[in-house]
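First the structure, in the form of structure tokens, and then the observations on it.
There are 2 protein chains.
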Amino acid sequence: MGESDLVEDALALLRGQGGRVTSSRRVLLRCLFDGREHRTAEELAAAVKELAPDVHLSTIYRNLDELERLGIVVHAHLGHGPATYHLASETHGHFVCAQCGSAIEAPAAMFGSLARTAWRRYGFETDPRHFAVLGRCATCACGTDPVAARRR
Amino acid sequence: MGESDLVEDALALLRGQGGRVTSSRRVLLRCLFDGREHRTAEELAAAVKELAPDVHLSTIYRNLDELERLGIVVHAHLGHGPATYHLASETHGHFVCAQCGSAIEAPAAMFGSLARTAWRRYGFETDPRHFAVLGRCATCACGTDPVAARRR
DNA sequence: ACCTAGATGCGAGCAGTGCGCAAGAGCCTA
DNA sequence: TAGGCTCTTGCGCACTGCTCGCATCTAGGT
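Residue numbers (our numbering), protein chains in the order written: chain Y, 1 to 152; chain L, 1001 to 1152.
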């Protein structure tokens, strides 16, 4: 299926829920489907503005919200700083380095057993797309301090 | 060991690193040791102000920072909103409900197997104290479908 | 008692995000 | 194809959570 088909599918879903198809939404969806992972609202706004310069940042936020309610995108707070958004279809967890901020993506399957235990013990429904685990990545773990790690 | 012994131990550690023992630090430590829950900087500030009304919020932040560098407390970003702080000795993970914001504490042991896998596959050192998993708690998950629930 | 590094109070400032409002635009109906 | 209802948008302000600069103060070694 082509990229634009995916965009149109999402727009159809939106319209099916009483939403309206607008050009800012179409452009945002296009950016979401064609781009890299984990982008902040600001980054997405920059991408959208290349195609539609007049789209306001708050419109990006509102549309991301709406798309999240429809289950098309999800956001995650990976450590500090702004939230990052990505497609809900890309189900994976994140290992986030508390030191350098880099994020490793890990297949959702890795979290299956933990999710099952959480469900059995607490009745807690883990959201595999919204999964961030903090720690230190291999590079940063090599030295105690970041400078030493970079020197290797 | 009594509570105030723990406070004095922490202060001794602080002084050993060239830090100074001040009343605001003593009071903050007392508040950290006598409460159990995850508390935000604002909540801790409120608790501190009952004993020492003139302690400024920015001092709380600076001291929490300092205590974190010494490994006495850790903070975690549990979903949205402010960061929460707790003692580093209380090693546990968190299941955070994306809907109602409640956090379930889970023993660090539950995360052991995931942590080992992450280490083997990515060389990633999971920090068990800084562990937050998003999803929906039993109450919020009850009788609602995910889309309708998120619409709320 | 004195000196100095370190700590504090205070307020300004910043990033990220939400909100209210009036104007604009999609989509349904006729 | 026009009319109109309702949703969406641009705009800008406001808010939260947190940080910083600076002048003042103080802990603690001498």
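We put the beta carbon where it would ideally sit given N, CA and C, even for glycine.
Item: With 16 other Cβ atoms within 10 Å as the buried cut-off, status of Asp1127 (chain L); Value: buried
Item: Counterpart residues of Arg1039 (chain L) in DSSP-defined beta bridges; Value: L:Tyr1085
Item: Where the alpha helix (DSSP H) through Leu1027 (chain L) begins and ends; Value: Looking at the sequence itself, residue 1027 (chain L) is Val, so the reference to Leu does not match. Looking at the DSSP string, the run of the alpha helix (DSSP H) that includes Val1027 (chain L) is Ser1023 to Asp1034.
Item: Any beta strand (DSSP E) of 3 or more consecutive residues that is wholly inside the stretch 92-122 of chain Y; Value: 92-97 and 103-107
Item: Beta-carbon proximity of Leu1134 (chain L) to Gly1079 (chain L), cut-off 8 angstroms; Value: yes
Item: Given 8 angstroms, three or more beta-carbon pairs between the stretch 1100-1110 of chain L and the stretch 117-124 of chain Y; Value: yes
Item: Where Leu134 (chain Y) falls: helix, strand or coil (DSSP); Value: strand
Item: Listed by chain order, chain Y residues near Tyr1061 (chain L) by CB distance under 8 angstroms; Value: Those within 8 angstroms of Tyr1061 (chain L) in chain Y number zero; the least Cβ separation is about 14 angstroms.
Item: Neighbourhood of Arg150 (chain Y) by C-beta, 6 angstroms cutoff - its chain only, sequence neighbours within 5 removed; Value: Residue confidence is low: Arg150 (chain Y) scores 32 on pLDDT, short of 50, so the model does not pin down where it sits. Its coordinate-derived value is still stated next. Nothing meets the Cβ criterion.
Item: Residues within the stretch 1068-1087 of chain L neighbouring chain Y, beta-carbon criterion of under 8 angstroms; Value: Ala1076, His1077, Gly1079 and His1080
Item: Contact check, Glu1125 (chain L) vs Ala141 (chain Y), beta carbons under 8 angstroms; Value: yes
Item: Distance, Ile60 (chain Y) Cα to Ile72 (chain Y) Cα; Value: 14 angstroms
Item: 6 angstroms Cβ shell around Ala1103 (chain L) - same chain, five flanking residues per side excluded; Value: Leu1078, His1094 and Val1096
Item: Ala1076 (chain L), enclosing beta strand (DSSP E) - first and last residue; Value: Val1073 to Ala1076
Item: For Thr91 (chain Y), the nearest candidate out of Y:Glu66, Y:Glu105, Y:Gln99 and Y:Gly101 (CA to CA); Value: Y:Glu105
Item: Test: Arg1026 (chain L) CB closer than 8 angstroms to a CB of chain Y; Value: no
Item: Cβ-based neighbour list, Ala1132 (chain L), same chain, cut-off 6 angstroms, excluding 5 preceding and 5 following; Value: Ala1076, Leu1078, His1094 and Val1096
Item: Cα-Cα separation between Pro53 (chain Y) and Ala88 (chain Y), rounded to whole angstroms; Value: 26 angstroms
Item: Distance between beta carbons of Val1021 (chain L) and Val1055 (chain L), contact taken as under 8 angstroms; Value: Contact doesn't hold; Cβ gap of about 15 angstroms is too wide.
Item: Collapsed DSSP secondary structure at Ala127 (chain Y) in the structure displayed; Value: Position check: residue 127 (chain Y) holds Asp in this sequence, whereas Ala was assumed. Strand, per DSSP.
Item: is_contact[His1042 (chain L), chain Y] using C-beta, thresh 8 angstroms; Value: Sequence check: residue 1042 (chain L) is Glu here, not His. For Glu1042 (chain L), the answer is no, since every Cβ of chain Y falls outside 8 angstroms of its Cβ.
Item: Assumed close pair Thr40 (chain Y), Ala83 (chain Y) - CB separation to whole angstroms, cut-off 8 angstroms; Value: 7 angstroms
Item: Span of the alpha helix (DSSP H) around Gly79 (chain Y); Value: Gly79 (chain Y) -> no alpha helix (DSSP H), and no H or E assigned at all.
Item: From L:Lys1049, L:His1038 and L:Arg1025, residue whose alpha carbon lies closest to that of Glu1066 (chain L); Value: L:Arg1025
Item: Short CB-CB distance (under 8 angstroms) between Ser1089 (chain L) and chain Y; Value: no
Item: Simplified DSSP assignment, three categories, for Asp65 (chain Y); Value: helix
Item: Separation of Gln1099 (chain L) from Ala45 (chain Y), as counted between CA atoms; Value: 26 angstroms
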